[in-house]
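Novice: Before I ask anything, here is the structure I am working with.
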Amino acid sequence: MSYVRSLGVRLSDKFPRPTRSYELKVRGLDRTILVDHENLPEGGEGAPGSLLSLLLAAGIEVDHTCGGVCACSTCHIYVEEGEDSLQESTEEEEDQLDFAPALRPTSRLSCQCVPDGSSDVTVELPSWNRNEVSEEPH
274 MSYVRSLGVR LSDKFPRPTR SYELKVRGLD RTILVDHENL PEGGEGAPGS LLSLLLAAGI
334 EVDHTCGGVC ACSTCHIYVE EGEDSLQEST EEEEDQLDFA PALRPTSRLS CQCVPDGSSD
394 VTVELPSWNR NEVSEEPH
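For the sequence shown, the numbering used here begins at 274 and goes up steadily by one.
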């Protein structure tokens, strides 16, 4: 059980769910995930509808040492398009990003990004993490 869940805070209470379906594109892997706002992955890591939970459900491995509760920076990604559909980063997220390598202005923690569905989203995994990505089960 994650730290946040053990305190009785449900991640779904912290983040609003998407209100519309959209496409999540993963640059560098040439993958497009069709996100159905009424059928989000549940019970995984991160908030329901978070980029982390969507990437993991699609078989794209993203490090997430803390279990998706914003207590590390291992799920760091770059949001290249669609950032306007994400809530603003919190001070907690920005503090964790201070520890992430290869920061860019588009850096976010995938566990903290829940698109609202108002636009498609394109992300890129940092090159230091890309070699660990599994596109298809072997």
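Virtual Cβ for every residue (Gly too), placed ideally from N, Cα, C.
To the nearest angstrom, how far is the alpha carbon of Cys343 from that of Gln369?
Specialist: Between Cys343 and Gln369, the C-alpha separation is close to 7 Å.
Novice: Can you list, in chain order, the residues of its chain whose CB lies under 8 Å from that of Ser400, leaving out five sequence neighbours each side?
Specialist: Cβ within range, chain order: Ala375.
Novice: Please classify Glu318: is it buried, with 16 or more other beta-carbons within 10 angstroms of its beta-carbon, or exposed?
Specialist: So Glu318 ends up on the buried side.
Novice: What's the call for Glu356, buried or exposed, on a 16-neighbour Cβ count within 10 Å?
Specialist: By the 10 Å Cβ count, Glu356 comes out buried.
Novice: Of the choices Glu315, Val308, Asn312, Leu324, whose alpha-carbon is the least far from that of Lys398?
Specialist: In the sequence as displayed, the identity of residue 398 is Leu instead of Lys. Comparing Cα-Cα distances from Leu398 to each of Glu315, Val308, Asn312, Leu324, the minimum goes to Leu324.
Novice: Between which two residues does the alpha helix (DSSP H) carrying Glu366 extend?
Specialist: Start and end: 364-370.
Novice: Buried or exposed for Asp371, please, with buried defined as at least 16 other CB atoms from any protein chain shown within 10 angstroms of its CB.
Specialist: Exposed.
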